[in-house]
Amino acid sequence: MLVSAKEMVDKAREGKYAVGQFNINNLEWTKAILLTAEENKSPVILGVSEGAGKYMGGYHAVVGMVNGLIQDLNITVPVALHLDHGSYEGAFKVIEAGFSSVMFDGSHYDIAENIEKTKEVIKAANAKGISVEAEVGAIGGEEDGVVGGGEVADPAECKRIADLGVDILAAGIGNIHGVYPANWTGLRFDVLEEIKNSVGNMPLVLHGGTGIPDDMIAKAISLGVAKINVNTECQLVFADATRKYIEAGKDKQGKGFDPRKLLAPGFEAIKAKVKEKMVLFGSVNRA
Ligand code: 13P
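Residue numbers (our numbering): 423 to 709.
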């Protein structure tokens, strides 16, 4: 059964570890992440961007697939199905479709409009026990057409949004989606500390988990980060493993073209990557 992300991130914040949000794209991704979470007794958040939701056929299709897999694979760890960087309209659509958690990303609006829209999303989500993540200060880089400038959030604005009653807060601290450029100067821990001081016990989210060095992850967790999003890294290892299979000519041997064989190395690569992150984030055996 899907659960809200609130309890798992609250526990993570208190226990000084983080729950991974791994974005899903299809059946292979979803199955790999759910099985890895179960094998490692880790809570997990499945992230769905609006683009990925559309790709998979729509939000009802995603809900059906995820619920079906949880049942058929006997997944017992807490699983949240979460809209990633949702628009205002998208947030209401997933609340209706059966997601258990929603991010409304109003970071591109001015703060007054972000506050008004976040309030409406909280009202609709709370009525169904669905957790809400809000964002202040756009995350840099590009993800599914959502482009952010890599802003650094204003801690006072973070407090205004946190006080609305959101469950999880994403704040830009120099993090970006995708692979970090060679001249990236790292996370702004000074700002993270100010945010932490202004929002109290609110669990914070670190977007753009791909390629952040391990020591920065540990420091971010020590400063209140309780949810870390990873997307690109799983895509990269899946593509790499698939390319190796094809370059080795394996799709031309026997029934190597069967998708169940062709996609298996990528599936295993996602499993290994997700496990690595769960160990790094400290969420193993926390379910
Ligand atoms: P990466 O693709 O950089 O891992 O970022 C994922 C993310 O933040 C999803 O919201």
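Even for Gly, the Cβ is constructed at its ideal location relative to N, Cα and C.
Coil, strand or helix - Gly473 by DSSP
Looking up residue 473 in the sequence shown gives position 51. Gly473 falls in the helix class under three-state DSSP.
Opposite Gly508 in the DSSP bridges: which residues?
What you label residue 508 is simply residue 86 of the sequence shown in a count that begins at 1. Phe526.
Shorter than 6 angstroms, the distance from the beta carbon of Asp636 to the closest heavy atom of the ligand 13P, or not?
Taking the first residue of the sequence shown as 1, we reach residue 636 at position 214. The answer is no for Asp636.
From the DSSP secondary-structure annotation, give me the bridge partner or partners of Asn445.
Along the sequence shown, one-based indexing puts residue 445 at 23. Note: Asn445 sits in a beta bridge opposite Gly469.
Inside the stretch 547 to 618 only - alpha helix (DSSP H) runs reaching at least 4 residues:
Fully enclosed alpha helix (DSSP H) runs of 4 or longer: 577 to 584.
Is Asn536 buried or exposed, if buried means 16 or more other CB atoms sit within 10 Å of its CB?
On the sequence shown, position 114 is the one that residue 536 refers to. When all chains shown are included, Asn536 counts as buried.
I need the boundaries of the beta strand (DSSP E) containing Ile650, first residue and last residue.
Looking up residue 650 in the sequence shown gives position 228. Looking at the DSSP string, the run of the beta strand (DSSP E) that includes Ile650 is 647 to 652.
Counting along the chain, where does the alpha helix (DSSP H) carrying Val425 start and finish?
As a first step, residue 425 is located in the sequence shown; it is residue number 3 there, counting from the start. Careful: Val425 lies outside any alpha helix (DSSP H) and carries neither H nor E.
Suppose the cutoff is 8 angstroms on Cβ atoms and the five residues either side in sequence are ignored; what does the same chain contact list for Arg582 look like?
Counting from one through the sequence shown, the residue named residue 582 turns up at place 160. Here Arg582 has Ile533, Ile537 as same chain residues with Cβ atoms under 8 angstroms from its own Cβ, once five neighbours each way along the sequence are excluded.
With DSSP as the reference, label Val484 as helix, strand or coil.
Locating residue 484 in the sequence shown gives position 62, where the first residue counts as 1. It is helical.
Touch check for the stretch 689 to 702 and the stretch 444 to 458: three-plus C-beta pairs under 8 angstroms?
With a cut-off of 8 angstroms, the stretch 444 to 458 and the stretch 689 to 702 count as touching, because enough Cβ pairs lie within range.
Once DSSP output is grouped into helix, strand and coil, what is the label at Val706?
Along the sequence shown, read from residue 1 onward, the residue named residue 706 stands at position 284. In the structure shown, the three-state DSSP call for Val706 is coil.
Could you tell me the alpha carbon to alpha carbon distance between Asp637 and Met700, rounded to whole angstroms?
For the purposes of this step, residue 637 is taken as residue 215 along the sequence shown, with counting starting at 1. For the purposes of this step, residue 700 is taken as residue 278 along the sequence shown, with counting starting at 1. The straight-line gap from Cα to Cα measures roughly 15 angstroms.
Using DSSP with H/G/I as helix, E/B as strand and the rest coil, what is Leu626?
Here residue 626 refers to the residue found at position 204 of the sequence shown. Strand.
Classify Gln493 as buried or exposed, calling it buried when 16 or more other Cβ atoms lie within 10 Å of its own Cβ.
As a first step, residue 493 must be located in the sequence shown, where it is residue number 71. Exposed: under 16 other Cβ atoms inside 10 Å.
For Val696, list the residues DSSP reports as bridge partners.
As a working note, residue 696 is residue 274 in the sequence shown. Per DSSP, none; premise fails for Val696.
I'd like the list of long-range same chain contacts for Lys618, defined as Cβ closer than 6 angstroms, with 5 residues on each side in sequence excluded.
The residue labelled residue 618 in the question sits at position 196 within the sequence shown. Taking Lys618 as the centre and dropping the five residues before and after it, the same chain places the C-beta of Leu645, Gly646 closer than 6 angstroms to its C-beta, in chain order.
Is it right to say Phe679 is buried, meaning 16 or more other beta carbons lie within 10 angstroms of its own, or is it exposed?
In the sequence shown, the residue the question calls residue 679 occupies position 257. With fewer than 16 other Cβ atoms inside 10 Å of its own Cβ, Phe679 counts as exposed.
Spatial neighbours of Asp673 within its chain, please: CB distance less than 6 angstroms, with the 5 preceding and 5 following residues excluded, ordered by chain position.
To locate residue 673, count along the sequence shown from 1; it is residue 251. Hits under 6 angstroms: Phe679, Leu684.
Determine the DSSP secondary structure at Leu503, reduced to helix, strand or coil.
Residue numbering aside, residue 503 sits at position 81 when the sequence shown is read from its first letter. It is a strand residue.
Quick one: residues in its chain with C-beta nearer than 8 angstroms to the C-beta of Thr664, no 5 flanking neighbours on either side, listed in chain order?
Working through the sequence shown from its first residue, we reach residue 664 at position 242. These residues qualify, in order along the chain: Leu684, Leu685, Pro687, Gly688.
Anyone know if the C-beta pair for Gly594 and Gly559 falls short of 7 angstroms?
Residue 594 sits at position 172 when you count from the first residue of the sequence shown. Residue 559 sits at position 137 when you count from the first residue of the sequence shown. Less than 7 angstroms divides the Cβ of Gly594 from the Cβ of Gly559.
Alpha-carbon spacing of Val485 relative to Val501, whole angstroms:
Within the sequence shown, the letter at position 63 stands for residue 485. Within the sequence shown, the letter at position 79 stands for residue 501. One C-alpha to the other measures close to 12 angstroms.
Can you grab the Cα-Cα spacing for the pair Glu573 / Gly596, in whole Å?
On the sequence shown, residue 573 is found 151 positions in, with the first residue counted as 1. On the sequence shown, residue 596 is found 174 positions in, with the first residue counted as 1. Distance from the CA atom of Glu573 to the CA atom of Gly596, rounded to whole angstroms, is 6 angstroms.
Can you check whether the CB of His507 is closer than 7 angstroms to the CB of Asp527?
Taking the sequence shown and counting its residues from 1, one reaches residue 527 at position 105. Taking the sequence shown and counting its residues from 1, one reaches residue 507 at position 85. Yes, these two residues count as a Cβ contact at 7 angstroms.
For the ligand 13P, is there any heavy atom lying closer than 6 angstroms to the beta carbon of Thr452?
Locating residue 452 in the sequence shown gives position 30, counting from the first residue. Outside the cutoff, so no.
Might you give, ordered along the chain, the residues of its own chain that have their beta carbon closer than 6 angstroms to the beta carbon of Glu450, omitting 5 neighbours on each side?
As a working note, residue 450 is residue 28 in the sequence shown. Leu685, Phe689, listed in sequence order.
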